[in-house]
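Residue numbers (my numbering): 52 to 447. Heads up, the beta-carbon is just placed ideally off N, CA and C, and yes, glycines get one too. If you're wondering where the values come from, they're calculated on a predicted model, not measured in any experiment.
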């Protein structure tokens, strides 16, 4: 169908709550209306307006009322095909004619439909483009409505969301994802020994599975999110989140340079990390079940990135290497217990914000009173001893 026919106010495809066919109850339709997420609509609109080589998945649309007519298309005799094949094809292909009085409403692709509407407002020429539509016919009865509700739930509940890790591999508009892939492909230290884990989530897997991995692709992404100034790349926010449309190649090149500068300083500061990625089999002892070196764990690497960005904003990156050289490197040391490591369970703690405050506190850097208070209370909570006080700063 042409986009202009899909989004036509009178005869086009309605959103689920607009149609009132799934539920006749006003309250239930209002609930469905709230499922429309404006944070998803704006990126789709921008994608349609700005991306030339775009791909738009099929819409699944319910159809009732009116008088739809099916006109088969006859396949001519051809010696390449048997009579049975031609008969089969004649039953499969045709033209569906709609009168304009049919009621069409979306079952799957609600945000794609709304994105098309918004894009058409800015660029009417999009209306001449075509989208693939799958039509589900139903009767406007109680049983017909039950059938549609089952289909609607099956499409929306049983669809498997793409994991964060898979998104990073596929994403072409998010600068942090683009640079994470470029680091894997082009940054020389990461090209050695397959040291980047392509897991679906942040953490490295325990045991032998990821013993020789330095970090994960998602950790590279998260670190980019910390050290990049996204205001440079994206010009619009919705509900506090950037609408991510691919910026110019010049900005992407500059972002890669920022990431490269961070990792160069990282390996200069932590030579054992460089030794590990060069020969992970020889230095697997740096990563132990009881913690190992904090900067060989994704959570520790994100902490270092937060500290790097804090100093960069303070124009004090010269303090980065000498200050971190002071810090205890083993996670199971007294320094990191109850902050990045729980000695009672042997588990790594994941609150990097608390860990940053702790690092600043121990290095004598400014820390707001409210963050210091949160740090003290978390230290007690993680230790399980409510009378235990935060130790005095260690490196001042």
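With DSSP as the reference, label residue i as helix, strand or coil.
{"i": "residue 168", "result": "helix"}
{"i": "residue 159", "result": "strand"}
{"i": "residue 89", "result": "helix"}
{"i": "residue 246", "result": "coil"}
{"i": "residue 121", "result": "strand"}
{"i": "residue 294", "result": "coil"}
{"i": "residue 154", "result": "strand"}
{"i": "residue 289", "result": "strand"}
{"i": "residue 188", "result": "strand"}
{"i": "residue 64", "result": "strand"}
{"i": "residue 426", "result": "helix"}
{"i": "residue 179", "result": "helix"}
{"i": "residue 53", "result": "strand"}
{"i": "residue 76", "result": "For residue 76, the predicted model reports a pLDDT of 48, less than 50, meaning its position is unreliable and no value from the coordinates is stated."}
{"i": "residue 281", "result": "helix"}
{"i": "residue 398", "result": "strand"}
{"i": "residue 369", "result": "helix"}
{"i": "residue 321", "result": "coil"}
{"i": "residue 339", "result": "coil"}
{"i": "residue 407", "result": "helix"}
{"i": "residue 271", "result": "helix"}
{"i": "residue 449", "result": "Residue 449 cannot be examined here, being either before or after the span of the chain that is shown, 52 to 447."}
{"i": "residue 264", "result": "coil"}
{"i": "residue 441", "result": "coil"}
{"i": "residue 58", "result": "coil"}
{"i": "residue 344", "result": "strand"}
{"i": "residue 388", "result": "strand"}
{"i": "residue 218", "result": "helix"}
{"i": "residue 305", "result": "helix"}
For the alpha helix (DSSP H) that residue i lies in, which residues bound it at each end?
{"i": "residue 380", "result": "Segment: none, residue 380 is in no alpha helix (DSSP H) and carries neither H nor E."}
{"i": "residue 133", "result": "No alpha helix (DSSP H) holds residue 133; DSSP gives it neither H nor E."}
{"i": "residue 226", "result": "226–237"}
{"i": "residue 435", "result": "From DSSP, residue 435 is part of no alpha helix (DSSP H); its letter is neither H nor E."}
{"i": "residue 418", "result": "Premise fails: residue 418 is in no alpha helix (DSSP H) and is neither H nor E."}
{"i": "residue 363", "result": "349–364"}
Taking residue i as the reference, give the member of the options with the closest Cα.
{"i": "residue 404", "options": "368, 386 and 350", "result": "350"}
{"i": "residue 271", "options": "423, 136, 252 and 123", "result": "252"}
{"i": "residue 329", "options": "247, 233 and 147", "result": "247"}
{"i": "residue 417", "options": "399, 444 and 430", "result": "444"}
{"i": "residue 382", "options": "373, 371 and 398", "result": "398"}
{"i": "residue 180", "options": "133, 186, 134 and 104", "result": "104"}
{"i": "residue 202", "options": "216, 215, 218 and 185", "result": "185"}
{"i": "residue 119", "options": "132, 345 and 147", "result": "147"}
{"i": "residue 164", "options": "93, 327, 129 and 230", "result": "93"}
{"i": "residue 377", "options": "410, 396 and 420", "result": "410"}
{"i": "residue 173", "options": "412, 428, 324 and 55", "result": "55"}
{"i": "residue 267", "options": "234, 175 and 415", "result": "234"}
{"i": "residue 109", "options": "57, 97, 218 and 283", "result": "57"}
{"i": "residue 379", "options": "367, 414 and 122", "result": "414"}
{"i": "residue 219", "options": "269, 395, 197 and 285", "result": "269"}
{"i": "residue 89", "options": "193, 291 and 132", "result": "291"}
{"i": "residue 199", "options": "236, 139 and 114", "result": "114"}
Please say whether residue j and residue i have beta carbons closer to each other than 8 Å?
{"i": "residue 124", "j": "residue 145", "result": "yes"}
{"i": "residue 296", "j": "residue 101", "result": "yes"}
{"i": "residue 354", "j": "residue 406", "result": "yes"}
{"i": "residue 293", "j": "residue 275", "result": "no"}
{"i": "residue 142", "j": "residue 99", "result": "no"}
{"i": "residue 53", "j": "residue 160", "result": "no"}
{"i": "residue 157", "j": "residue 187", "result": "no"}
{"i": "residue 412", "j": "residue 400", "result": "no"}
{"i": "residue 344", "j": "residue 323", "result": "yes"}
{"i": "residue 226", "j": "residue 356", "result": "no"}
{"i": "residue 137", "j": "residue 229", "result": "no"}
{"i": "residue 63", "j": "residue 149", "result": "no"}
{"i": "residue 364", "j": "residue 370", "result": "no"}
{"i": "residue 195", "j": "residue 249", "result": "no"}
{"i": "residue 352", "j": "residue 359", "result": "no"}
{"i": "residue 319", "j": "residue 239", "result": "no"}
{"i": "residue 116", "j": "residue 153", "result": "yes"}
{"i": "residue 65", "j": "residue 169", "result": "no"}
Could you pull the start and end residues of the beta strand (DSSP E) that residue i belongs to?
{"i": "residue 111", "result": "110–115"}
{"i": "residue 146", "result": "145–148"}
Does any residue of chain B have a CB that is nearer than 8 Å to the CB of residue i?
{"i": "residue 126", "result": "Checking the listed chains, one finds no chain B in this structure; it contains a single protein chain."}
My understanding is that residue i touches residue j, with C-beta atoms under 8 Å, so please give their C-beta distance in whole angstroms.
{"i": "residue 423", "j": "residue 431", "result": "Wrong, their Cβ atoms sit about 13 Å apart, outside the cutoff."}
{"i": "residue 91", "j": "residue 162", "result": "4 Å"}
{"i": "residue 262", "j": "residue 190", "result": "Wrong, their Cβ atoms sit about 60 Å apart, outside the cutoff."}
{"i": "residue 182", "j": "residue 107", "result": "6 Å"}
{"i": "residue 342", "j": "residue 392", "result": "5 Å"}
{"i": "residue 306", "j": "residue 279", "result": "6 Å"}
{"i": "residue 535", "j": "residue 331", "result": "No information on residue 535 is available, as it lies outside the stretch 52 to 447 that the chain covers here."}
{"i": "residue 429", "j": "residue 402", "result": "7 Å"}
Hey, is residue i close to the ligand NAD, as in C-beta under 7 Å from one of its heavy atoms?
{"i": "residue 332", "result": "As far as ligands go, the structure on display features none, and thus does not contain the ligand NAD."}
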